[in-house]
Structures are given as C-alpha cells and as structure tokens.
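Trainee: Please read through the structure below; I'll follow up with questions.
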Amino acid sequence: MHPETPTWSDFVAAFELFRDPILCGVAAGGVLGLLSVFIVLRRMVFVTATLTQASGLGVALGFFAHIHLDWHIPPTLSALLTALGAAGLISLRAERLRLSRESVLAAVWLLCSAAAVLVGDRITQEAHDIGAILFGTAVLVRPEDLQLVLGVGGLVAVTTILCREGFVFSGFDPDGARVQGLPVRLLELLLVGLITLEVGVTTRALGALPVFGFSVLPGVAALLAAPRLGWALPLAGLFGALSGGLGYLLAFFGMFPVGASQAAVAAGFVVLMIPLRALRGG
Amino acid sequence: MDTTTSSPLVAAEAPILLRCEALEIGYRGRPLLPPITLDVRAGELWAVIGRNGSGKTTLFRAMLGLNPALGGRVQRLAEIAYVAQRMSFDELYPVTVAEVVRQGTVRGWGFLRPWRRASVDEALDAVGATALADRTFRALSEGQKQRVLLARLVASGAKLALLDEPTAAMDAVAEREAMGLLDNLRKRYGLAVVVVSHHLAATQAIADKALFIDPDDQRVVVGPAQEVFHHTSFLARYGDTCPEGTHAP
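The listed protein sequences derive, respectively, from chains D and V. Those letters in the first sequence? Residues 4 to 285, by our numbering. Those letters in the second sequence? Residues 380 to 628, by our numbering.
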C-alpha cells in the first residue's frame, strides 16, 4: 500500500471531522433519491440538471456579493432564489413561445452554466473555489448547512411520501386524474417546488454534480431493480443514502474529490442493476 | 343536425347524468361539427361513431371539461369516470393492477387518505380479474388492461363512464368479451356508458343510443342506436353493418 494512502484507523481517528459531511451526504442522497423516482418517471431529468446548475450559480453569486459588494446574502438563500427563478422560467408554457420545452431548458442551463463560471472566475482567488461549488470538492460541511439539509430534507421527504399517490396518478393518467378532480397542475408545481427546495439547499452543502447525480441515478437504479413502484421508492432512497455515505468513504480512501465519488457510486448502482433487470425481464 | 325520436328501450324518466346543449367543438376557434345536443340518462349505453380525426376525442374532452368548447353548454350532473385511449397511460410507471384500480376511488385530495383494499378487491372480482391484483399493469395483455380499467371504473362508484376506444388494440375475441363485460357492468351497476369505438358490430349489439359524426358532410346524427345505424348518412359511410336480427323495424 502507498504510504500516503489513508487507512481505516486514520478514518476512525478523525471520524468527528467526517461525521457531519457523511451525514449530510446520506441525508441529501436519501431525500433526492426518493424524488429521483418521480424525476425519472416524469422525464424531468433535464429540469433537475438546470435547477442544480442554477443553484450552483446562486451559491457563486452569494459568495461574489459577499466578497465584492459586501452584501451578506447566505449562499443557500441565493441558491434557492436562483433555482426558484430557473424553475419559474422552465415552468412557463414553452409552446406559447412556439419553442420546445427542451430548448428552453437548454437555454436556461447554458445561461446558468456560463454565468456560474464567469462569476466563479472572480471568486477563485478567495476561499471559495468554483470547483467546490459545481463539482463538490469540499471535504467539510458547516454545521448550519447540515441542519438545513436535515430540516428541509425531512420536510421534503414527508411531503413526497404523503403526496406520492397523487404524483403517481397524475403522471400515469393525467386526464383520468383531472376528471376525478385531482389538482394535477398543482401537484406538478408542488413536485417542481420540492425538487427546487431540496436542490437549492443541498447544492450549497455538497456541490451541483453530486446533487444532480442523486436526483437521477438512484431512481434509475431503483426502477431497474424493483418490479413495482411501491418498492422502487424506498429502494431509491436507500441507493441515494448509500451513494452519499459510500461516496464519501471512496473519496477518503481513494483520495478522490468527494462530489465526483458520490456521483460515481450512484452510477455504480445503475450499472449493477442492469444485469438484474435483464435477468428479471419485464 | 338530425335528431331521431327517443328510444323505447330507455325510460324517459331516468335521470339525466350528462347534458350537452348546442355543444360546439373545434380547433383554433373553427367549429369542426354542427352543434351537438344530447342527454345521457342513467343506464343508457351510447355509441359514438365517426372516422379517425372526426372529432370524437375532442368531443369527449369537451364533455369532460378537459378542453374548452367553442360554444354551447355541458352539464355534468353525476360523478364521471373516464377511460382514455390506451396510449394516454404512461407505461413507464411500474404500477400494480391494485394500484390502478385504487386510483378509481380517489377524488380531489383523496390521495392523502389511506386506501381500503376491500373496495379494490370487490371491483377486481366484479370483472373477474382478482388473479391480476399484484401484477404490474404494463405487463398485461390489452384485453387484461381493459378489464383492469373497467375494474377501476367500478371502484370509482361513478354513475357515468366515458370510454375512448377501449377495444382499439384488441383482437375480435377480446373485443367481444370486453364489450360484453361493459354491458354486464352497466346493467349490474346501473351505469350510463358513452363509448367511442370503431368496432361497429360489437358496439351495435349493445348500444341503446348512438351519436354519428361526420365533419366532411357536416353531419351529426343523434338518437336510438338502431335508427342512427340505419340513417342515410351513416349508411353512406359504413354501409349496412348491423348484425342479423338487429335491423330497425
């Protein structure tokens, strides 16, 4: 073994330091994993990509405002605000502009990506690296960020579980749901709102890449593995939570960036589930 | 519009569940058909006949309030269940048969309440699909799917059901079974049914009333089924399609 490679005893010795970021990754992965089932089923993957990118821009703007303008806007709040702004833009009925939904998504995604890099270029000499914001290279999590991730995550998870049947019915048979008086449009907005909230809060703590990974890959893996939706939801939560925790361990022992490791573990679950699905058929 | 005389098969005093008064449908402000006036009463089975693109689905959507009408009025006087065309269901969702049937019982914000399995089992039993309860909907044959959607309709407790081409993807045997089951259910539960179908023989055998629409000739014919199926406009399009022994006197 390479002498510099961290050992299990190194990890245990410094566990106090790593506990909060692991807990943060597990909580964010679990809740985003739960949401990811609906994100995948409703074909909202690129919506989520855009929201995470907008949140990344928001975090960068928060730091920029603090460093250069002396405005004290918490980066989590600025992330939420930009994510909400992006959600508002992409919730507009694109067909009224004679545009496809995906072209609106692409335009907002590119705008946010370019702006994040430009703003990030002006804060790189400070303590906050744009790489940490977009790719989640930060090893530690601030206590207030953890509290926010746990609090907001709990609220989002409970709401998602309570409304799951409404989300399923209005996605599976939207016309049938409308005829039976379900608030289909409201449920759609609620789902986008829950995703925006969770993505906005977790991007500040973890970075845009792992947040996007948790928002899609656990759902894909769970839908591959589970023969029915009732099993896919808890399984996706489990895959997401495991990706958050195991990804951190992979980063520690492999000396990799944290966010990329978490996203890679989540992708690993997808790869593992493909043969399972092929064997199961259906 | 041609409106034939009322049918002797249906009690005129049966309550009206759906009323269309001079209902106009169309696209971008242009009417597709002449205004349609009809009353759907409890226990009636209506067949809606027309060629592809004639506006049957648009008419259904206006009746259901899913799309605005260009003119006229629709009164929905009972709870309605709707079975959309088969491609309207998103089969990416791995929902079980029991979950699909349960959807029939949900109204408004009812999805927040815990569900009673008993009502689902009763509905599945009514259509002879109990054995399918735990299977995923998307894995079923077209005939089985229709059976399950009829169970959802039963579970809904609705008094009026609108079905848009429920037998579109079925072979002749499955189609006849599905229409027979639909007829049995409406008799058993006193259900009024409005069904769009291209399979004329099966529909004619069970329909009390019919609505024939033809945008090319700007023709709407409404009335007792046997009279509509022998109307000159209908015969000009379809010829004599009535099964033996079902000709109007």
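Note that CB positions come from ideal geometry on N, CA and C, so glycine has one too. Predicted, not measured: the structure shown is a model, and the values here were computed from it.
Under a Cβ-count criterion, where at least 16 other Cβ atoms within 10 Å of its own Cβ denotes burial, should valine 274 of chain D be classed as buried or exposed?
Mentor: Burial call: exposed.
Trainee: Would you identify the three-state DSSP class for lysine 538 of chain V, choosing helix, strand or coil?
Mentor: Here lysine 538 of chain V sits in coil by DSSP.
Trainee: Can you find at least 3 beta carbon pairs, one from the segment 29-38 of chain D and one from the segment 243-263 of chain D, that sit closer than 8 Å?
Mentor: Judged by Cβ distances under 8 Å, the segment 29-38 of chain D makes contact with the segment 243-263 of chain D, as three or more pairs qualify.
Trainee: Tell whether a beta-carbon distance below 8 Å holds between valine 219 of chain D and valine 43 of chain D.
Mentor: Contact flag set, yes.
Trainee: Can a CB atom of chain V be found closer than 8 Å to the CB of aspartate 178 of chain D?
Mentor: Closer than 8 Å to some Cβ of chain V, the Cβ of aspartate 178 of chain D qualifies, so yes.
Trainee: Verify the CB distance criterion: does proline 221 of chain D have a CB-CB separation below 8 Å to chain V?
Mentor: Not closer than 8 Å to any Cβ of chain V, the Cβ of proline 221 of chain D fails to qualify, so no.
Trainee: What number of angstroms, rounded off, separates the C-alpha of serine 385 of chain V from the C-alpha of methionine 47 of chain D?
Mentor: Residue placement at serine 385 of chain V cannot be trusted, given a pLDDT of 41 that sits under 50; what the coordinates show is reported in the next sentence. Taking the straight line from one Cα to the other gives about 51 Å.
Trainee: Is isoleucine 459 of chain V close to chain D? Criterion is C-beta to C-beta, closer than 8 Å.
Mentor: Yes, isoleucine 459 of chain V counts as interfacial toward chain D.
Trainee: Less than 8 Å between the CB atoms is what I'm expecting for cysteine 399 of chain V and leucine 417 of chain V, so what's the real figure, rounded?
Mentor: With 8 Å as the limit, cysteine 399 of chain V and leucine 417 of chain V qualify as a contact, their Cβ atoms being about 5 Å apart.
Trainee: Using the Cβ count rule (16 or more neighbours within 10 Å means buried), how would you classify proline 2 of chain D?
Mentor: Because chain D in this structure spans residues 4 to 285, residue 2 of chain D falls outside the shown range and cannot be described.
Trainee: Cysteine 399 of chain V by DSSP, collapsed to three states: which one?
Mentor: Three-state DSSP puts cysteine 399 of chain V in a strand.
Trainee: Quick one: what's arginine 409 of chain V bridged to in DSSP?
Mentor: V/Tyr406, per the DSSP bridge assignment.
Trainee: Buried or exposed for methionine 442 of chain V, please, with buried defined as at least 16 other CB atoms from any protein chain shown within 10 angstroms of its CB.
Mentor: Buried: at least 16 other Cβ atoms inside 10 Å.
Trainee: In angstroms, rounded to a whole number, what distance separates the CA positions of aspartate 23 of chain D and glycine 210 of chain D?
Mentor: Looking at the two C-alpha atoms, the distance is approximately 15 Å.
Trainee: Output, in sequence order along the chain, the residues in the segment 222-239 of chain D whose CB is closer than 8 Å to any CB in chain V.
Mentor: Within the segment 222-239 of chain D, the residues whose Cβ lies closer than 8 Å to some Cβ of chain V are Leu226, Ala229, Pro230, Arg231, Leu232, Gly233, Ala235, listed in chain order.
Trainee: List the residues of chain D that phenylalanine 608 of chain V touches, going by C-beta distances under 9 Å, in chain order.
Mentor: Chain D residues near phenylalanine 608 of chain V: none, gap ~29 Å exceeds 9 Å.
Trainee: When you compare the CB positions of threonine 475 of chain V and aspartate 513 of chain V, do they come within less than 8 Å of one another, or not?
Mentor: It is a contact, given that the beta carbons lie within the stated cut-off.
Trainee: By DSSP, does arginine 598 of chain V sit in helix, in strand, or in coil?
Mentor: Here arginine 598 of chain V sits in strand by DSSP.
Trainee: Tell me which residues share the same chain as valine 62 of chain D and place their Cβ nearer than 7 Å to its Cβ, disregarding the 5 neighbours each side in the sequence.
Mentor: Around valine 62 of chain D: Pro78, Ser81, Ala82, Ile136, Thr206, Arg207.
Trainee: Of all Cβ atoms in chain V, is any one closer than 8 Å to the Cβ of phenylalanine 172 of chain D?
Mentor: By this cut-off, phenylalanine 172 of chain D is an interface position.
Trainee: To the nearest angstrom, how far is it from the Cα of alanine 581 of chain V to the Cα of methionine 276 of chain D?
Mentor: Rounded to the nearest angstrom, the two C-alpha atoms are 45 Å apart.
Trainee: Buried or exposed: which applies to valine 15 of chain D, given that a residue is buried once 16 or more other Cβ atoms fall within 10 Å of its Cβ?
Mentor: When all chains shown are included, valine 15 of chain D counts as exposed.
Trainee: Kindly say whether glycine 36 of chain D, judged by its beta-carbon, lies nearer than 8 Å to any beta-carbon of chain V.
Mentor: Judged by the 8 Å Cβ criterion, glycine 36 of chain D is not in contact with chain V.
Trainee: If I measure Cβ to Cβ from phenylalanine 172 of chain D and keep anything under 7 Å in the same chain, skipping five residues before and after, which residues do I get?
Mentor: Here the set comprises Ala180, Leu185.
Trainee: Between which two residues does the beta strand (DSSP E) containing tyrosine 461 of chain V stretch?
Mentor: Where tyrosine 461 of chain V is concerned, the enclosing beta strand (DSSP E) stretches over 459-462.
Trainee: Would you report the Cα separation of leucine 238 of chain D and alanine 225 of chain D, rounded to the nearest angstrom?
Mentor: Rounded to whole angstroms, leucine 238 of chain D to alanine 225 of chain D spans 6 Å at the Cα level.
Trainee: Inspect the CB distances between the segment 591-598 of chain V and the segment 564-583 of chain V and report whether three or more fall short of 8 Å.
Mentor: Judged by Cβ distances under 8 Å, the segment 591-598 of chain V makes no contact with the segment 564-583 of chain V, as fewer than three pairs qualify.
Trainee: Spatial neighbours of glycine 123 of chain D within its chain, please: CB distance less than 6 Å, with the 5 preceding and 5 following residues excluded, ordered by chain position.
Mentor: Counting only Cβ-Cβ distances below 6 Å, and skipping sequence neighbours, we find Ala63, Ile133.
Trainee: Applying the 10 Å Cβ sphere with the 16-neighbour rule, what's the burial state of methionine 466 of chain V?
Mentor: Exposed.
Trainee: Using CA coordinates, which residue listed in D/Leu158, D/Trp112, D/Ile76 is at the minimum distance from phenylalanine 66 of chain D?
Mentor: Among D/Leu158, D/Trp112, D/Ile76, the Cα nearest to that of phenylalanine 66 of chain D belongs to D/Ile76.
Trainee: For arginine 616 of chain V, which beta-bridge partners are listed by DSSP?
Mentor: DSSP lists no partner for arginine 616 of chain V.
Trainee: With a threshold of 8 Å between beta-carbons, can leucine 542 of chain V be considered close to chain D, or not?
Mentor: No, because no Cβ of chain D sits closer than 8 Å to the Cβ of leucine 542 of chain V.
Trainee: Using a Cβ-Cβ cut-off of 6 Å (strictly less than) and excluding sequence neighbours within five positions of arginine 440 of chain V, which residues of its own chain qualify?
Mentor: Answer for arginine 440 of chain V: Asn446, listed in chain order.
Trainee: Could I get the ranges of all uninterrupted alpha helix (DSSP H) runs contained in the segment 89-146 of chain D, with 4 residues as the minimum, in chain order?
Mentor: With a minimum length of 4 residues, the continuous alpha helix (DSSP H) runs that stay inside the segment 89-146 of chain D are 104-124, 133-138.
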